[in-house]
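Structure first, then comments.
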Ligand SMILES: C[S@@+](CC[C@H](N)C(=O)[O-])C[C@H]1O[C@@H](n2cnc3c(N)ncnc32)[C@H](O)[C@@H]1O
């Protein structure tokens, strides 16, 4: 699968085994690590993504790369008892943590966790009103993944992707990369006791990742209409949205 030229040198996880090892290693402490590393902001970013995708009561939603189900829980609260959320991830350890969260919120009837690959979703065509993906795109071959999101959405359905990008402002970018290279990996490793190197991989992957505008173009290439994107927190993260 083609990636932009500047991704050639990124230390991407080459195999499913590597990505699985990352997330199995951090699963039990993933939520607390996220809260510390993002200084509590990740919940606000996820809430914003959910507001943007705008699930209505009764909607069928899919949260791809759901991890520990944060976004799935937010979607489930919005779709109400007549709606449903299918939450897909290929890592069982992350989903086990998510299962606790689903029970804690009493949402067992509204969320189904299924194991599957974001590049070959085990889901029917034209099934969902809304689709979300949070903080997972860098692990995926984007054209294949976007084609799958497009396939499973109903005509008129909406997708929202939340992810990290390189901040556009030079001063903030330098601060951000200082934090990402020197503080984030230490904090991440300390909290999760990770030895796979996931927290050191993240800053390189942000630096060498798609630009927000190229990412939007990939959405359009997959067929999405009305594609828009905007930054949160000085462009550390962006929301991309599109309609089928
Ligand atoms: C950084 S976590 C994000 C989890 C969650 N969306 C959140 O925002 O907290 C990335 C997740 O993507 C999952 N993942 C990575 N590649 C995947 C793939 N090809 N198919 C399914 N899940 C994948 C990982 O297992 C992990 O749970």
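Residue numbers (my numbering): 16 to 259.
Virtual Cβ for every residue (Gly too), placed ideally from N, Cα, C.
For residue i, does the count of other Cβ atoms within 10 angstroms reach 16, so buried, or fall short, so exposed?
i	result
residue 61	buried
residue 37	buried
residue 16	With a pLDDT of only 38 at residue 16, under the threshold of 50, the placement of this residue in the model should not be trusted, and no figure is reported.
residue 182	buried
residue 49	buried
residue 227	buried
residue 34	buried
residue 113	buried
residue 171	exposed
residue 30	exposed
residue 197	exposed
residue 190	exposed
residue 153	buried
residue 205	exposed
residue 263	An answer regarding residue 263 cannot be provided, because it is not within the stretch 16 to 259 covered by the chain.
residue 52	buried
residue 73	exposed
residue 55	exposed
residue 59	exposed
residue 96	exposed
residue 135	exposed
I'd like to check one pair, residue j with residue i: are the Cβ atoms closer than 9 Å?
i	j	result
residue 163	residue 185	no
residue 77	residue 32	no
residue 115	residue 237	no
residue 70	residue 94	yes
residue 179	residue 252	yes
residue 230	residue 245	no
residue 150	residue 82	yes
residue 125	residue 100	yes
residue 174	residue 145	yes
residue 203	residue 86	no
residue 159	residue 259	no
residue 88	residue 122	yes
residue 233	residue 157	yes
residue 140	residue 176	no
residue 79	residue 127	no
residue 106	residue 39	yes
residue 92	residue 120	yes
residue 195	residue 217	yes
Starting from residue i, trace the alpha helix (DSSP H) both ways and give me its first and last residue.
i	result
residue 59	57-68
residue 113	107-119
residue 236	227-237
residue 54	Here residue 54 belongs to no alpha helix (DSSP H), and DSSP marks it neither H nor E.
residue 160	157-167
residue 91	85-94
residue 33	31-41
residue 150	First-last for residue 150: undefined, no H or E at that position.
residue 185	185-193
residue 203	199-207
residue 72	Segment: none, residue 72 is in no alpha helix (DSSP H) and carries neither H nor E.
residue 218	213-222
Checking the sheet assignment: what are the DSSP bridge partners for residue i?
i	result
residue 173	145, 258
residue 101	77, 127
residue 179	252
residue 135	132
How is the beta strand (DSSP E) around residue i delimited, first residue to last?
i	result
residue 246	240-247
Regarding residue i and ligand 2, is the C-beta to nearest heavy atom distance less than 8 Å?
i	result
residue 140	This structure simply doesn't include ligand 2; it includes ligand 1 instead.
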